Every structure is written in structure tokens, then in C-alpha cells.
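Since the structure comes first, as C-alpha cells, the remarks are kept for the end.
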Amino acid sequence: MKILVIEDEVLLQQSIKESLEKESFLVETASDFYAAMDKVFVYDYDCILLDIMLPNGSGLDILNELKEAGKSENVIIISAKDSLDDRVKGLELGADDYLTKPFHLAELNARVKAVLRRKHLQGNRAISLANLELDFEDRTLLVDGKAVSLNRKEFDILNYFLLNKNRLVNKTALAEHVWGDNSDQADNFDFVYYQIKNLRKKLQECGAHVEIESVYGVGYKLVQK
Numbered sequence: 001m002k003i004l005v006i007e008d009e010v011l012l013q014q015s016i017k018e019s020l021e022k023e024s025f026l027v028e029t030a031s032d033f034y035a036a037m038d039k040v041f042v043y044d045y046d047c048i049l050l051d052i053m054l055p056n057g058s059g060l061d062i063l064n065e066l067k068e069a070g071k072s073e074n075v076i077i078i079s080a081k082d083s084l085d086d087r088v089k090g091l092e093l094g095a096d097d098y099l100t101k102p103f104h105l106a107e108l109n110a111r112v113k114a115v116l117r118r119k120h121l122q123g124n125r126a127i128s129l130a131n132l133e134l135d136f137e138d139r140t141l142l143v144d145g146k147a148v149s150l151n152r153k154e155f156d157i158l159n160y161f162l163l164n165k166n167r168l169v170n171k172t173a174l175a176e177h178v179w180g181d182n183s184d185q186a187d188n189f190d191f192v193y194y195q196i197k198n199l200r201k202k203l204q205e206c207g208a209h210v211e212i213e214s215v216y217g218v219g220y221k222l223v224q225k
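For the sequence shown, position 49 matches number 49 in my numbering, and the numbering has no gaps at all.
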């Protein structure tokens, strides 16, 4: 799962980033209005943490642009302004939640997970397909009720495939989602291929009733056997 933290306070931004990375999220950051605008309309994020008071502009203006683009449903506002007007305005513009500074990082993490459950899992903590069950909270995979060991990237890849089951997954979109924005600077996608090769082997060895099909020149598709 990929998260964008839009926050100009360097220490807080770093603390949030480190806390979310400990929960195995992929985290990108932006420190001002223009950097944030560049990122939110170039890359897709599962959740955006948005400060209202930013250098060069307002977070509410970013939220308004996101709403017009139909991308505001996964935003949590984090702000030092505990203003009822700002809170109402943010929620009207489509933000999922509003958290007032200072806050405990554990609470922020819990709210991020709640937004992701609502966005992707209809409130559930696990995704199931055939004889697989992938637990988003514990980051575990069960096949026929037995645990299968996955590394972080393998888990994130399988999670992305399950959220897009039976859909063609473009290599570029998969790389950006699992490896972050810097993946677009790579000369090739060999790093994606090797992780998928290992994941395929594990799924086959544990008797999973799904397989990852290659679509030549485009990407992959997860299908049920």
C-alpha cells in the first residue's frame, strides 16, 4: 500500500514516514504546495495525509483539485488548526478523516488502516480468493488455512493483484505501487520480474488455486485456476 505524506514540518514528516514504514507501508513525501500538486496528479496513492497549512498554498486547495478529479476519497487531513470551519470544509471536499495536531502516531496509523479497509476491503481486514486468504493487518498469507512465508515485496505484489483480480496489471503501475515513484527511473523491470518469479514458485509449491499469467509486453493478470 502506498501513502503520500504532505507535511512541511520536517521532523513530523520524518516521524510519520518512519512510523508508517514500520507498518510496512510504502511512503512518499511532499513538503510544499507545488511538490504535492506534482505528485498527487502523476502517481496513484492508497491514502494521502494532508496538512492544511503549506508553504506556497493551502491543503484545502489541493483537496478541492482532488475532488474535481475524483481522487479525494482516501485523504486524511492532519492540521494544527482545530477549526470547525476547516474541519467541515475538508469533509465536504471529500476527506475521509480529520486529525488535529499534536496526535499520537499510533492513532494516525490506526486511522490510515481504517481508511484503507474502507477503500479496498469494504471494512474487512483480509482478502480471499479461491483457497487463499491475505490478512492486511497481520500481513500474512494462508493457503488452505496454512501459513505461507512471503517477503515484504511479495506480499505487496500479491495484495495488489488480489485488489485487481482478473484485471490486466500494467508493469509500470505495479512497479510504482510496490516500489514507489523512483521506479520510473529504472532502465528495465527486471526487479519486478524476479519478485513475481519467486511469488509464482511459492504459490505453486503451496497448492494455491490461483496463478499469475504474463501478458506479453504489457504486464500480468491474477486468475483463479
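Each residue gets a CB set at the ideal place from its N, CA and C atoms; glycine is no exception. Just so we're clear, the structure is a prediction, and the values are computed from it rather than from any experiment.
| query | result |
| --- | --- |
| First through last residue of the alpha helix (DSSP H) which encompasses E65 | G59 to E68 |
| Segments of 3+ residues assigned as beta strand (DSSP E) that fall wholly inside the segment 145-198 | 146-148 |
| Sufficient close CB pairs (3 or more, under 8 Å) joining the segment 127-140 to the segment 194-211 | yes |
| Beta-carbon contacts of F136 that lie in its chain and below 6 Å, excluding the five residues immediately before and after | R125 |
| The beta strand (DSSP E) enclosing Y98, as first and last residue numbers | D97 to T100 |
| Extent of the continuous beta strand (DSSP E) to which I34 belongs | Contrary to the premise, residue 34 reads as Tyr rather than Ile in this sequence. Looking at the DSSP string, Y34 is not in any beta strand (DSSP E); the run it does join, the alpha helix (DSSP H), is F33 to V40. |
| E137 (DSSP reduced to helix, strand or coil) | coil |
| Reduced DSSP category for I52 - H, G, I as helix; E, B as strand; rest coil | coil |
| Extent of the continuous alpha helix (DSSP H) run through S283 | The first residue shown for the chain is 1 and the last is 225, placing residue 283 beyond what the model contains. |
| Sequence-distant residues of its chain with Cβ nearer than 7 Å to Q224 (five each side left out) | L129, A130, H209 and V210 |
| Q224, DSSP secondary structure in three states | strand |
| Supposed contact pair G90 and L63 - C-beta distance, whole angstroms, cut 8 Å | 6 Å |
| Buried versus exposed call for E107 [16 or more other C-beta atoms within 10 Å across all chains shown] | exposed |
| Per DSSP, cross-strand counterpart(s) of L142 | E133 and A147 |
| Buried/exposed call for N166, threshold 16 Cβ in 10 Å | exposed |
| Same chain only: Cβ atoms within 7 Å of L24, ignoring 5 sequence neighbours per side | The sequence shown places Ser at residue 24, rather than the Leu named in the question. Excluding residues within five positions, the ones whose Cβ falls inside 7 Å are R139 and R152. |
| Same chain, Cβ closer than 6 Å to L54, neighbours up to 5 away in sequence not counted | D8, D32 and F33 |
| CA nearest to the CA of D156, picked from I16, P102, A175 and N170 | A175 |
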